[in-house]
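In what follows, a structure is listed as structure tokens, so that the remarks can point back to it.
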Amino acid sequence: MVATSDLARADQPEIIVPNFWDHKAVFDRPNNIPDTIQFLATDNFPPFVFRDPQGRLTGFNIDLSRALCQELAISCALKIKDFEVLIPALDEEEGDAIISGLSRYSPQARGLTFTDDYMKLPARVIVSDSADTNFGDSPKPGQTVAVQAGTRYEAFARKFWPGADILGFSSTAEAREAVKDGTADAYFGDGLSLSFWLRSPAAESCCRFAGGPWLEPGYFGEGMAIATRSGDTERAAALNYALRQLHQKGVYQELYLRYFPLSFY
């Protein structure tokens with residue numbers, strides 16, 4: 192079982208930045224770099240792509256796409272489309288690459304060429320900030336873990352933590368509240384949303400992450416990647432090269448900490 196990914200620490204030792212690239216590998220700049228890339232995205236995918244109060248496009252994917260093009264020294268643009276028409280727009284050459292959380296495993300995406308993953312969304316555990324029990328990498332027998340019923344988090348917890356008492360709740364909010372009021376020792380759910388909830392007024396500074404990120408294949412191993420048209424291997428190769436370069440140069444880490452100040456890794 193895999194409980195953590197290959198991790199690289201940022202300058203701040205308390206914050207962990209994910210690393211999805213082999214830091215020892217050396218990659219040459221591709222010979223064929225496209226002159227331009229027209230990205231396609233949807234604008235209701237915070238914190239990756241969204242509009243600020245002034246209506247301006249912002250988000251992790253926006254800044255990442257800009258940094259990729261700067262690394263490749265090419266011109267780029269971004270066109271906003273509804274999510275359900277992103278693939279048709281790509282097929283009709285309205286754009287060259289989708290950077291909007293499209294799953295490589297969705298039936299509609301079959302045949303598309305994807306880059307390497309630039310982000311994965313792990314599961315995490317939170318416990319009460321006042322808890323004196325060391326949760327560790329997984330719950331001890333008898334500990335209670337709140338989950339939202341019917342989710343992959345519940346399925347994982349019941350399969351891999353048979354000694355724990357798994358409490359299913361009808362909503363994420365109710366499951367989180369169980370940790371706040373002491374009904375449960377821990378809550379198990381989506382790490383990204385938890386990183387924002389922990390810093391929100393709703394959490395009332397109640398809780399903290401415990402253990403590490405869970406990226407178990409088949410449950411939480413799916414990552415975010417950039418999709419290009421079928422057979423567009425040159426563009427995908429150029430983006431892969433740029434992604435690795437951004438990580439090696441520290442640009443990826445800077446963007447990650449800008450949008451995820453409380454790391455979900």
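For the record, in the sequence shown the residue sitting at position 117 is 308 according to my numbering, with numbers rising by one throughout.
Ideal placement from N, C-alpha and C gives every residue a C-beta, glycine not left out.
Mapping DSSP to helix, strand and coil, what is residue i?
i: F400; result: strand
i: G380; result: strand
i: A337; result: strand
i: F305; result: strand
i: R426; result: helix
i: G409; result: coil
i: K180; result: The shown model of the chain, from 192 to 456, leaves out residue 180, and the question about it has no answer.
i: L248; result: strand
i: I278; result: helix
i: R242; result: strand
i: F326; result: coil
i: A460; result: As displayed, the chain neither begins before 192 nor continues past 456, which places residue 460 out of reach and without an answer.
In or out: residue i buried (at least 16 other Cβ within 10 Å) or exposed?
i: P332; result: exposed
i: D202; result: Low local confidence applies: a pLDDT of 39 at D202 is under 50, so the model's placement there is unreliable, and no value is given.
i: T233; result: buried
i: F251; result: buried
i: V240; result: buried
i: D376; result: buried
i: V276; result: exposed
i: Y344; result: buried
i: R420; result: buried
i: S297; result: exposed
Using only alpha-carbon positions, find the residue among the options that is nearest to residue i.
i: D219; options: D320, Y432, A369; result: Y432
i: E395; options: N222, L281, D320; result: D320
i: L383; options: K371, F451, S291; result: F451
i: C267; options: A314, F230, S454; result: F230
i: T363; options: G380, A355, P313; result: G380
i: D372; options: K215, E285, A322; result: A322
i: I228; options: E425, A355, A314, K311; result: E425
i: K215; options: H438, R343, V208, L453; result: H438
i: V316; options: R295, V338, P298; result: V338
i: I224; options: F455, A427, G441, A375; result: A427
i: Y456; options: G409, R399, A264; result: R399
i: V318; options: L385, Y296, D213, S297; result: L385
i: L453; options: F274, G441, W388, K440; result: W388
Starting from residue i, follow the beta strand (DSSP E) in both directions and report where the run begins and ends.
i: R315; result: 314-319
i: T227; result: 227-232
i: D356; result: 356-360
i: K331; result: First-last for K331: undefined, no H or E at that position.
i: I271; result: 266-271
i: P209; result: 207-209
Would you please state the rounded distance, in angstroms, between the beta carbons of residue i and residue j? I believe it to be under 8 Å.
i: E407; j: F360; result: 22 Å between Cβ atoms; not a contact.
i: G414; j: D308; result: 3 Å
i: L293; j: A418; result: 5 Å
i: E283; j: Q436; result: 31 Å between Cβ atoms; not a contact.
i: L446; j: L255; result: 6 Å
i: A366; j: Y378; result: 5 Å
i: G403; j: D328; result: 6 Å
i: A300; j: I278; result: 7 Å
In terms of residues, what are the limits of the alpha helix (DSSP H) holding residue i?
i: F351; result: 343-351
i: I253; result: 251-263
i: Y450; result: 442-450
i: K371; result: 363-371
Output yes if chain D places a C-beta closer than 8 Å to the C-beta of residue i; else output no.
i: H214; result: Structure shown: chain D not included; a single protein chain is present.
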